[in-house]
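Visitor:
Number of protein chains: 2
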Amino acid sequence: MIQTTEQLTWIAADWGTSNLRIWLMADTGDVLHRISADCGMGSLTPDQFEPELMKLIAEHLPNGRTVPVFICGMAGAKQGWAEAPYTAVPSEPPNATTATRIKTKDSRIDVYILPGMKQKAPADVMRGEETQIAGFLAANPKFDGVICLPGTHTKWVHISAREVVSFRTFMTGELFALIADQSVLRHSTASSDWDAKAFAAAVEDAMSNPATLASKLFSIRAEALLHGQSNAVGRAKVSGLLIGAELAGARPYWLGQNIVILGEDGLSSAYQAALSAQGLPVPTVPSETMTLAGLCAAYLALESKPQ
Amino acid sequence: MIQTTEQLTWIAADWGTSNLRIWLMADTGDVLHRISADCGMGSLTPDQFEPELMKLIAEHLPNGRTVPVFICGMAGAKQGWAEAPYTAVPSEPPNATTATRIKTKDSRIDVYILPGMKQKAPADVMRGEETQIAGFLAANPKFDGVICLPGTHTKWVHISAREVVSFRTFMTGELFALIADQSVLRHSTASSDWDAKAFAAAVEDAMSNPATLASKLFSIRAEALLHGQSNAVGRAKVSGLLIGAELAGARPYWLGQNIVILGEDGLSSAYQAALSAQGLPVPTVPSETMTLAGLCAAYLALESKPQ
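Residue numbers (the working numbering), protein chains in the order written: chain A, 1 to 307; chain B, 308 to 614.
#1: Report yes if the CB atom of TRP388(B) is closer than 7 Å to the CB atom of TYR606(B), and no otherwise.
#2: What first and last residue would you give for the alpha helix (DSSP H) that runs through PHE477(B)?
#3: Tell me whether the region 167-175 of chain A and the region 114-128 of chain A touch, counting them as touching only if at least three CB pairs, one residue from each stretch, are closer than 8 Å.
#4: Counting Cβ pairs closer than 8 Å, one from the region 153-162 of chain A and one from the region 123-140 of chain A, do we hit at least three?
#5: Excluding the 5 residues flanking GLN307(A) on each side, which residues of the same chain have their C-beta closer than 6 Å to its C-beta?
#6: Closer than 8 Å by C-beta to THR435(B): which residues in its own chain qualify, once you throw out the five before and the five after it? Chain order, please.
#7: Taking Cβ-Cβ distances shorter than 8 Å, what residues in chain A pair up with SER490(B)?
#8: Can you pull the chain B neighbours of PRO85(A), defined as C-beta to C-beta under 8 Å?
#9: Please report how far the alpha carbon of THR394(B) lies from the alpha carbon of LEU421(B), in whole angstroms.
#10: Per DSSP, SER398(B) is paired with what?
#11: Is there a Cβ of chain A sitting closer than 7 Å to that of THR519(B), yes or no?
#12: Is there contact between the region 228-242 of chain A and the region 192-206 of chain A, where contact requires at least three CB pairs shorter than 8 Å?
#13: Would a check of beta-carbon distances place PRO122(A) closer than 7 Å to chain B?
#14: To test your reading of the DSSP string, which unbroken alpha helix (DSSP H) runs of 4 or more residues are found completely within the region 485-544 of chain B?
#15: Please list, in chain order, all residues of the same chain as ILE147(A) whose beta carbon is under 7 Å from its beta carbon, the five residues on each side excluded.
#16: Between which two residues does the beta strand (DSSP E) carrying PHE289(B) extend?
#17: Between THR311(B) and LEU351(B), how many whole angstroms is the CB-CB distance? I'm expecting something under 8 Å.
#18: Would the region 278-285 of chain A count as touching the region 250-260 of chain A if we require 3 or more Cβ pairs under 8 Å?
#19: For MET361(B), which of ALA518(B), LEU574(B), THR411(B) has the nearest alpha-carbon?
#20: Kindly identify the DSSP beta-bridge partner or partners of GLY12(A).
#21: Within the 7 Å Cβ cut-off, does VAL125(A) reach chain B?
#22: In angstroms with no decimal places, state the Cα-to-Cα distance between LEU315(B) and GLY573(B).
#23: Work out the CA separation of PHE525(B) and GLY556(B) for me, nearest whole Å.
#24: Along the chain, where does the alpha helix (DSSP H) that runs through TYR578(B) open and close?
#25: Give me the residue from PRO369(B), ASP337(B), PHE483(B), ASN447(B) with the minimum Cα distance to PRO457(B).
#26: Check for me: the beta strand (DSSP E) holding ARG408(B) runs from which residue to which?
#27: Would you list the one or two residues that DSSP bridges to VAL591(B)?
#28: Does the beta-carbon of ARG372(B) have 16 or more other beta-carbons within 10 angstroms, so that it is buried, or is it exposed?
#29: Let me confirm a value: ALA139(A) is counted as buried when at least 16 other C-beta atoms fall within 10 Å, else exposed. Which label applies?
#30: Name the chain B residues that come within less than 9 Å of ARG168(A), Cβ to Cβ?
#31: If you follow the alpha helix (DSSP H) that ARG558(B) is in, where does it begin and where does it stop?
#32: Can you give me the C-alpha to C-alpha distance between GLY336(B) and MET348(B), rounded to a whole angstrom?
#33: Pick helix, strand or coil for GLY452(B), following the three-state DSSP scheme.
#34: Mind checking if GLY347(B) is an interface residue toward chain C, Cβ cutoff 7 Å exclusive?
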């Protein structure tokens with residue numbers, strides 16, 4: 001612990017709606033220590049952010065010097081710690097120079113919240129993904145193409161010349177959670193198993209006729225009632241139908257494009273399988289690594305900035 | 308009360324997932340008394356149905372004779388009072404001759420539960436709507452065309468020669484409730500106002516490109532955050548996008564067809580407006596009247612049946 005305190009140079013944090021992840025960082029870019037907590041933005045009022053953060057990091061802070069803290073995610077939303085106004089596209093992803101600096105009560109920390117990005121028309125917003133994109137571009141500065149970030153609100157992001165040119169959000173992940181866990185389909189989808197064949201067939205089915213989505217979803221319930229369809233098949237079908245409809249709608253973002261999937265393992269694999277069935281072999285990169293890389297890039301930009 | 312008891316000939320009931328509606332009927336078809344309760348099928352175990360019913364009707368029952376009770380809806384589901392197995396389409400809607408007769412503890416009632424209808428492929432089911440259809444056909448025996456029954460699970464039902472030929476369910480109403488009240492959009496849709504123009508535009512928008520539904524839905528949140536869009540507009544847009552996507556998917560059911568909408572006022576008006584914008588003036592009939600008419604038709608079939 002004492003060693004961590006001595007080496008601690010700066011702190012990275014991803015403060016989402018449900019969770020907070022913290023990395024205590026050495027100057028070299030090495031992670032000294034990781035901390036996770038469930039004090040997400042959704043459960044806090046603005047004045048609770050600093051005490052919650054200090055509860056988790058205070059014991060690690062050195063005396064006599066100030067540690068920069070770089071935060072991305074929903075902490076910068078209007079209902080968060082302090083609003084970090086969106087950067088409009090087209091633009092490079094935000095870094096320390098566009099961050100919102102927070103006046104803290106404790107002088108041992110110097111807090112920067114990275115802004116999200118916005119698009120005027122079609123109206124769209126992101127908070128958190130822009131930092132993952134910055135991390136990816138730090139390692140792949142010449143990348144030109146589309147980054148797909150699967151999640152609660154999946155993003156398709158067009159990148160050119162290190163800039164976010166345009167993006168579209170599909171609320172596919174949130175729809176999946178609502179439909180599979182809370183609709184009448186929940187009786188036919190509760191399963192920890194997965195049927196990859198049923199998923200692939202449902203992707204194809206929805207891509208060929210996305211308009212009948214609400215009808216094909218109900219059919220999952222009827223298949224269970226009438227033909228004894230298993231819940232593993234039902235669950236994979238809900239996911240396949242929703243992702244298939246999304247792929248049909250996001251076609252301009254992937255057809256003939258250079259694509260990479262940036263996300264967590266399970267959901268990334270589902271998108272990868274769906275795109276692969278369209279003849280697109282797509283590489284994946286892990287989102288947590290990219291988040292940290294993006295926060296590192298933001299910190300480095302601060303360090304190199306004339307003070 | 309005594310007069311009701313003397314004239315009471317039979318009882319009609321619509322026992323849904325959330326509510327129970329009862330009509331005490333005179334032989335002439337006149338309604339003597341109405342009763343509503345929130346003891347829906349979803350809150351009862353099979354052995355609770357008879358006591359719940361008796362609690363509501365016992366005081367009205369005559370002594371010395373048995374009163375037939377005709378029930379439609381979810382009381383006949385597998386988890387209901389007793390399973391009334393589905394009638395397969397194509398077929399006339401069920402009536403007393405295909406009803407499931409229940410052995411009751413109290414000999415003053417003779418209970419019949421009307422079955423729902425099922426379709427093998429595409430797999431689909433209904434429970435309750437078939438009785439409304441029977442009611443409509445009792446008054447319109449020569450109707451040939453499509454009945455649209457808007458609701459939690461909207462049905463499009465193809466009728467020919469008094470038979471249900473085929474049908475499709477779209478879970479549009481349930482999706483609306485989940486998205487407007489429980490998703491991230493709830494912050495941008497909570498309103499008792501309604502914007503008819505925004506609804507109409509959203510219907511058009513979704514009909515022209517239903518695949519981007521999950522993206523256009525998220526845009527409602529972004530429009531509120533970035534451009535201050537009102538919740539009345541947001542709510543109407545969610546409804547318009549979902550109904551527009553449904554109309555695109557249900558096109559074979561309404562294009563060039565003779566259509567009638569059978570449902571409750573508010574939702575029927577929304578579907579009527581959406582279809583009217585497609586150049587289809589569609590009449591509406593009220594669902595409660597049709598439910599009762601369908602139960603009456605079932606009762607009359609029992610009366611005319613050789614005992």
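Heads up, the beta-carbon is just placed ideally off N, CA and C, and yes, glycines get one too.
For clarity, every value in this text was computed on a predicted model and none was experimentally measured.
Guide: In short:
#1: If you number the second sequence from 1, residue 388(B) lands on position 81. If you number the second sequence from 1, residue 606(B) lands on position 299. It is not a contact, given that the beta carbons lie outside the stated cut-off.
#2: Walking along the second sequence from the start, residue 477(B) turns up at place 170. No alpha helix (DSSP H) holds PHE477(B); the beta strand (DSSP E) holding it covers 470-477.
#3: yes
#4: Short answer: they touch.
#5: Within the first sequence, the letter at position 307 stands for residue 307(A). The predicted model places GLN307(A) with a pLDDT of 49, which falls under 50 and marks its position as unreliable; any figure quoted below should be read in that light. Excluding residues within five positions, none has a Cβ falling inside 6 Å.
#6: As a first step, residue 435(B) is located in the second sequence; it is residue number 128 there, counting from the start. According to the sequence as given, residue 435(B) is Gly; it is not Thr. The answer, listed in chain order, is ASP321, GLY323, CYS379, GLY380, MET381, GLY423, THR598.
#7: Sequence index remark: in the second sequence, residue 490(B) carries index 183 (1-based). Those are MET171, GLU174, LEU175, LEU178, listed as they occur along chain A.
#8: Taking the first residue of the first sequence as position 1, residue 85(A) is located at position 85. Per Cβ cutoff of 8 Å: no residues; PRO85(A) is ~11 Å from chain B at best.
#9: The residue you call residue 394(B) lines up with position 87 of the second sequence. The residue you call residue 421(B) lines up with position 114 of the second sequence. Near 10 Å, if we compare the C-alpha coordinates of LEU421(B) and THR394(B).
#10: Sequence index remark: in the second sequence, residue 398(B) carries index 91 (1-based). Bridge partners of SER398(B): VAL471(B).
#11: If you number the second sequence from 1, residue 519(B) lands on position 212. For THR519(B), the answer is yes, since a Cβ of chain A falls inside 7 Å of its Cβ.
#12: yes
#13: Taking the first residue of the first sequence as 1, we reach residue 122(A) at position 122. So, interface residue.
#14: 503-515, 520-534
#15: Against the first sequence, residue 147(A) aligns to sequence position 147. Excluding sequence neighbours, ILE147(A) sits near ILE133, PHE136, VAL157, ILE159, VAL260, LEU262.
#16: Residue 289(B) is absent from the structure shown; chain B starts at 308 and stops at 614.
#17: Position 4 of the second sequence, counted from the first residue, corresponds to residue 311(B). Position 44 of the second sequence, counted from the first residue, corresponds to residue 351(B). THR311(B) to LEU351(B), Cβ: 26 Å. No contact.
#18: yes
#19: Translated into the one-based positions of the second sequence, residue 361(B) becomes position 54. When only C-alpha atoms are compared, the closest one is THR411(B).
#20: Within the first sequence, the letter at position 12 stands for residue 12(A). First, the amino acid is wrong: residue 12(A) is Ala here, not Gly. In the DSSP output, where bridge partners are listed per residue, ALA12(A) has TRP23(A), PHE70(A).
#21: Residue mapping note: residue 125(A) aligns to position 125 of the first sequence, counting from 1. Closer than 7 Å: yes.
#22: For the purposes of this step, residue 315(B) is identified with residue 8 of the second sequence, where counting begins at 1. For the purposes of this step, residue 573(B) is identified with residue 266 of the second sequence, where counting begins at 1. Straight-line Cα distance between these residues: approximately 33 Å.
#23: Position 249 of the second sequence holds residue 556(B). Position 218 of the second sequence holds residue 525(B). Using only the alpha carbons, I get a separation of about 21 Å.
#24: Residue numbering aside, residue 578(B) sits at position 271 when the second sequence is read from its first letter. Per DSSP, TYR578(B) belongs to the alpha helix (DSSP H) from 572-583.
#25: Taking the first residue of the second sequence as 1, we reach residue 457(B) at position 150. Ranking the options by Cα distance to PRO457(B), first place goes to PHE483(B).
#26: Here the question's residue 408(B) lines up with position 101 in the second sequence. Where ARG408(B) is concerned, the enclosing beta strand (DSSP E) stretches over 407-409.
#27: Within the second sequence, the letter at position 284 stands for residue 591(B). According to the sequence as given, residue 591(B) is Thr; it is not Val. Beta-bridge pairing links THR591(B) to ILE568(B).
#28: Within the second sequence, the letter at position 65 stands for residue 372(B). Exposed, by the Cβ-count rule.
#29: As a position in the first sequence, residue 139(A) is number 139, starting the count at 1. Under this definition ALA139(A) is an exposed residue.
#30: Locating residue 168(A) in the first sequence gives position 168, where the first residue counts as 1. Simply THR519, SER522, PHE525, SER526.
#31: The residue you call residue 558(B) lines up with position 251 of the second sequence. From DSSP, the alpha helix (DSSP H) with ARG558(B) extends over 558-561.
#32: For the purposes of this step, residue 336(B) is taken as the residue at position 29 of the second sequence. For the purposes of this step, residue 348(B) is taken as the residue at position 41 of the second sequence. Whole-angstrom Cα-Cα distance: 27 Å.
#33: Counting from 1 along the second sequence, the entry for residue 452(B) is found at position 145. Collapsing the DSSP output to three states places GLY452(B) in a strand.
#34: Within the model displayed, chain C is absent; protein chains A and B are what it includes.
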